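Notes to accompany the following structure.
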Amino acid sequence: MPATIIDGKAFAARVRGEVAGHVSRLKADHGITPGLAVVLVGEDPASQVYVRSKGKQTVEAGMNSYEHRLEADTRQEDLLALVGQLNADPAVHGILVQLPLPAHIDSDLVINAIDPAKDVDGFHVSNVGLLGTGQKSMVPCTPLGCLMLLRDHLGSLSGLDAVVVGRSNIVGKPMAQLLLGDSCTVTIAHSRTRDLAAVVRRADIVVAAVGRPGMVTGDWIKPGATVIDVGINRVDAGDGKTRLVGDCDYDSCAAVAGAITPVPGGVGPMTIACLLANTTTACCRANGLPEPE
Ligand code: NDP
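Take 19 as the starting number for the sequence shown in the working numbering and just add one per residue.
As structure tokens, then:
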């Protein structure tokens, strides 16, 4: 039986619709409009695309979007001063500093300068600690989106074997924490993992967040497993064109898996939808109002 295609695009549209509904109630009932500030330093082309799309979707959800575009040679102290200003601005409920930052800037320092209550990316060390100890936190958007897709498709995740390939702070590690929080038995694999294929083959849930096109192939997948492909890789498509592919070799994995996210149209759209949801949550918390479900 062919794998079910997990339609992240449709799911994300639903999440954005729910966020927009919540935002309009916040406006109507409390006169509050959630605001998201996005800071971009430099001209990394991929980051520019992400920032544009974040701004557009923020406005479409009825929120205020504040974009700060800084020169690539911006001094670290000036960036920190801007973060301080946004921390103090009551109209800003969420702050996102687009990564990667230029090499002369200490990313950890900047991220940890964001007020944790406004850290809608969930990268501040306080939020990382809260998530790791099962306390209420801001949860990183991409792993949160993956978890929502998994819960929607599988219902309870309790007791399932999950393998997360990749151990980055922004995807792999928080993903593993979330799966653990849902009572999966979690393995985190990485570039030093021995016999990765055998490790992945044990998994009921595979989350691939590596950045290597098509690395995970169908013969690594346990029949019926659910495959979440986080990878976004631009590859040559001939004739001077490029296309996006994931970390999983789609055709061979889909032939064995029970369900799989496509690239594009899987995890990608969920990331911004979760960013909007986190911003609404931050706004509700800041105003002592009930949070969206
Ligand atoms: P990083 O480069 O930060 O981390 C990659 C991880 O993959 C590392 O832990 C690395 O291991 C591991 N790895 C690299 N090579 C191998 C290998 N041969 N075998 C096993 N593990 C390996 O990437 P990110 O986590 O930031 O992103 C991963 C992918 O997800 C990228 O394609 C990125 O574009 C995409 N992405 C997509 C998002 C979305 O919205 N859908 C959002 C964020 C990222 P080690 O630690 O040992 O080096």
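Where is the CB? At the ideal position from N, CA and C, for every residue including glycine. Predicted model only: the values in this text are computed from it and were never measured.
Whose C-beta lies closer than 7 Å to the C-beta of residue i among residues of the same chain, with five residues either side of it excluded?
i	result
Leu98	Val128, Ala131
Leu100	Val57, His86
Asn145	Pro134, Asp137, Ser155, Met156
Thr211	Val217
With 16 other CB atoms within 10 Å as the buried threshold, where does residue i fall?
i	result
Gly190	buried
Ala272	buried
Pro161	buried
His208	exposed
Thr260	exposed
Ala180	buried
Met19	exposed
Asp265	buried
Could you say which of the options lies nearest to residue i if we only look at CA atoms?
i	options	result
Lys74	Ala21, Pro310, Ile290, Thr299	Ile290
Pro158	His142, Asp170, Asp237	His142
Gly26	Leu167, Val115, Gly242, Arg261	Leu167
Val110	Ala31, Ile50, Leu307	Ile50
Gly177	Arg212, Ala221, Asn187, Thr151	Ala221
His122	Thr92, Gly276, Asp107	Thr92
Leu293	Gly184, His48, Val77	Val77
Leu117	Gln94, Ser71, Leu165, Ile188	Ile188
Asn251	Gly258, Pro241, Pro20, Val263	Val263
Asp267	Asp237, Val285, Pro287	Asp237
Val228	Pro241, Thr235, Asp247	Asp247
Tyr84	Asp96, Arg70, Gly184	Arg70
Glu311	Gly39, Ala21, Ala28	Gly39
Skipping 5 residues on each side, what residues in its chain have a beta carbon closer than 6 Å to that of residue i?
i	result
Gly112	Leu54, Lys136, Val138, Thr297, Ala300
Ala194	Val182, Val204, Ile206
Which residues does DSSP list as the beta-bridge partners of residue i?
i	result
Val57	His86, Val115
Thr244	Ile223, Ala277
Asp254	Thr260
Val234	Cys266
In chain order, what residues of the same chain lie with their CB nearer than 8 Å to the CB of residue i, ignoring the 5 residues before and after it?
i	result
Leu175	Leu168, Arg169, Leu197, Asp200, Ser201, Cys202, Ile223
Ser42	Gly80
Ala243	Ala221, Asp222, Ile223, Val224, Val274, Ala275, Gly276
Should residue i be flagged as near chain C, meaning a C-beta pair shorter than 8 Å?
i	result
Ile50	Chain labels in this structure do not include chain C; a single protein chain is all it has.
Any chance you could list the alpha helix (DSSP H) runs of at least 4 consecutive residues sitting entirely within the stretch 92–163, in chain order? 94–106, 125–129, 143–150
Along the chain, which unbroken stretches of the beta strand (DSSP E) at least 3 residues long are found entirely within the stretch 173–231? 179–183, 203–207, 223–226
Which runs of the alpha helix (DSSP H) spanning at least 4 residues fall entirely within the stretch 258–304, listed in chain order? 268–272, 285–304
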